[in-house]
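Numbering (our numbering), first residue to last: 54 to 400. Worksheet: the structure to be examined is printed underneath.
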DNA sequence: GACGCGTGGTC
DNA sequence: TGACCAAGCGT
C-alpha cells in the first residue's frame, strides 16, 4: 500500500493554508448555534461528546437538553441515581456511554474538585474519553491545540489526498492521526476543530457531497481527478447474522414483569422482558425484528410463566413505563400491546 | 487489532 | 428492503 506522509500532503496544501481555510469557512458557513456550543462549558462539552459518539447531531439535541435539565452539573450527575441516569439515556443506544458519563462526572468531582482537567494524559483517564474525545474536549472546552480524528476527518482527508486508507476499520488510523496532527494549528483550535466536523457533515458528506461549496475544492485531489465517489476507501463488510431471541410476558396479576439486564452484553443495565435461551412453554403472542450494529434480532414474545432468575425484577403498570430505562424496541412493543386482549389469554 | 456495543435516517 | 452511515470506546 502506498503511504501518504504529512510531507506528501503538505505539497498539496500547507498546514497554515489548510487551517486558515477551515477557520475562515467555519466562521462564515459553519454551525455555531448547536445547544452545546452556547457556553463552552466543559461539562456541556463532555456530555455532548459522549452522546455524539456514533450518533447524529439531530438525534442528540433533545437528549442533550433533557440531560442538562435533569443533571445540570458534574456534581448533580455524580450524585444522581443510576436508574435515573439510564432512564434519561433510554433510546439513545450504546448504553455503556451513560454509565461512562456518570463515572466520568464522579471522577472529575473526586479527583479534580469538579473542574475538568485540561492535560491530555489526565483526560485520557476519564471513563468514556478516548483519543477522539480528548481532542474534542481540549478544542471545544479550552480552545487548546488538539488533533481530532473521527469519521468526518477521515472522509475529508481521504478525499482531499485520495488516501488508500480504509475508514471503516482501525487498520490505518495511525496514518490519519499523523495527518491530522500535522494540520492542527496552535491557535483558533475551537473553530478549526468545529470547521473540520462541519465540513464533513455539511459539505464533504458521505453521499452526494456538495463539492461546489467546498473551500478546498481547488486543492482536493479527489475532486481534481473526478473520483470523489471512490473515496474514502472502505472495506466491504460481511452480512450480519440473524439470531432468535425469546422474551417472556407474564400476565399473572397487574402490569408486566420486567427484569434488569446484566451490566454486560446488549442493553446493559436496562429493564426488559425476561429473556430465555430457548422457546419457553406457553403461547406465542407476537414477533418483532430489530437490527443492531452487528446482528439482527428475530424476537419472539411468549405469554408464559416466568423462569427463575437471580436478577432484579419488578412489576410495572403499563402507564408507568415512561420513567424506566427500556430498550427502544421493547418500549415500542409494550406500547403497542393490547393489554385487554393479552389478559384474555389462557395458558 | 478485532470485536461487541443501538438506534434512527437515508437512499 | 437491505445496506450504509453517524462528533468512538473498552476489552
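Virtual Cβ for every residue (Gly too), placed ideally from N, Cα, C.
Secondary structure of residue i, DSSP reduced to three states
| i | result |
| --- | --- |
| residue 111 | helix |
| residue 188 | helix |
| residue 203 | coil |
| residue 288 | coil |
| residue 152 | helix |
| residue 329 | strand |
| residue 212 | helix |
| residue 345 | coil |
| residue 320 | coil |
| residue 88 | helix |
| residue 239 | coil |
| residue 74 | helix |
| residue 340 | strand |
| residue 245 | helix |
| residue 127 | helix |
| residue 293 | coil |
| residue 401 | In the structure displayed, the chain extends from 54 to 400; residue 401 sits before or after that span and is not available. |
| residue 162 | helix |
| residue 102 | helix |
| residue 399 | coil |
| residue 139 | helix |
| residue 269 | coil |
| residue 64 | helix |
| residue 134 | coil |
| residue 254 | helix |
| residue 178 | coil |
| residue 57 | coil |
| residue 384 | helix |
| residue 197 | coil |
| residue 374 | helix |
Cα-Cα separation, residue i to residue j
| i | j | result |
| --- | --- | --- |
| residue 141 | residue 333 | 32 Å |
| residue 265 | residue 181 | 37 Å |
| residue 347 | residue 322 | 20 Å |
| residue 122 | residue 370 | 26 Å |
| residue 131 | residue 159 | 5 Å |
| residue 239 | residue 188 | 13 Å |
| residue 104 | residue 235 | 28 Å |
| residue 55 | residue 279 | 20 Å |
| residue 325 | residue 311 | 5 Å |
| residue 331 | residue 341 | 16 Å |
| residue 373 | residue 102 | 31 Å |
| residue 125 | residue 210 | 37 Å |
| residue 259 | residue 275 | 14 Å |
| residue 144 | residue 97 | 20 Å |
| residue 360 | residue 329 | 8 Å |
| residue 73 | residue 199 | 16 Å |
| residue 90 | residue 351 | 41 Å |
| residue 157 | residue 115 | 21 Å |
| residue 297 | residue 357 | 17 Å |
| residue 152 | residue 174 | 21 Å |
| residue 272 | residue 66 | 7 Å |
| residue 229 | residue 172 | 22 Å |
| residue 64 | residue 225 | 21 Å |
| residue 335 | residue 343 | 23 Å |
| residue 109 | residue 257 | 16 Å |
| residue 396 | residue 308 | 10 Å |
| residue 295 | residue 204 | 27 Å |
| residue 68 | residue 237 | 7 Å |
| residue 15 | residue 137 | Examination of residue 15 is not possible in this model, given that the chain is present from 54 through 400 alone. |
| residue 400 | residue 349 | 29 Å |
| residue 263 | residue 75 | 16 Å |
Beta-carbon separation (whole angstroms), residue i vs residue j, contact threshold 8 Å
| i | j | result |
| --- | --- | --- |
| residue 202 | residue 185 | 6 Å |
| residue 118 | residue 95 | Actually they do not touch by this definition, with Cβ atoms about 18 Å apart. |
| residue 212 | residue 148 | That pair is no contact at about 34 Å. |
| residue 193 | residue 246 | 7 Å |
| residue 135 | residue 155 | 7 Å |
| residue 253 | residue 208 | 6 Å |
| residue 338 | residue 354 | 5 Å |
| residue 146 | residue 251 | Residue 146 to residue 251, Cβ: 24 Å. No contact. |
| residue 244 | residue 79 | 5 Å |
| residue 216 | residue 59 | Their Cβ separation, rounded to whole angstroms, is 12 Å, which puts residue 216 and residue 59 out of contact at 8 Å. |
| residue 383 | residue 345 | The Cβ separation is near 13 Å, so there is no contact. |
Strand pairing of residue i, partner residues [DSSP]
| i | result |
| --- | --- |
| residue 407 | The chain is shown from 54 up to 400; residue 407 falls before or after that span and cannot be answered. |
| residue 309 | 369 |
| residue 219 | 286 |
beta-carbon residue i near the ligand GTP non-hydrogen atom, thresh 7 Å
| i | result |
| --- | --- |
| residue 169 | No copy of the ligand GTP occurs in the structure displayed, which carries no ligand at all. |
Checklist line | contact_flag[the region 311-321, the region 362-378] where n(CB pairs < 8 Å) is 3 or more | finding: yes
Note to self: Does the region 382-398 come into contact with the region 295-314, if we say contact requires no fewer than three beta-carbon pairs (one atom in each stretch) closer than 8 Å?
What the structure shows: yes
Note to self: Under 8 Å, with one C-beta from each stretch per pair, do the region 215-225 and the region 285-301 reach the 3-pair mark?
What the structure shows: yes
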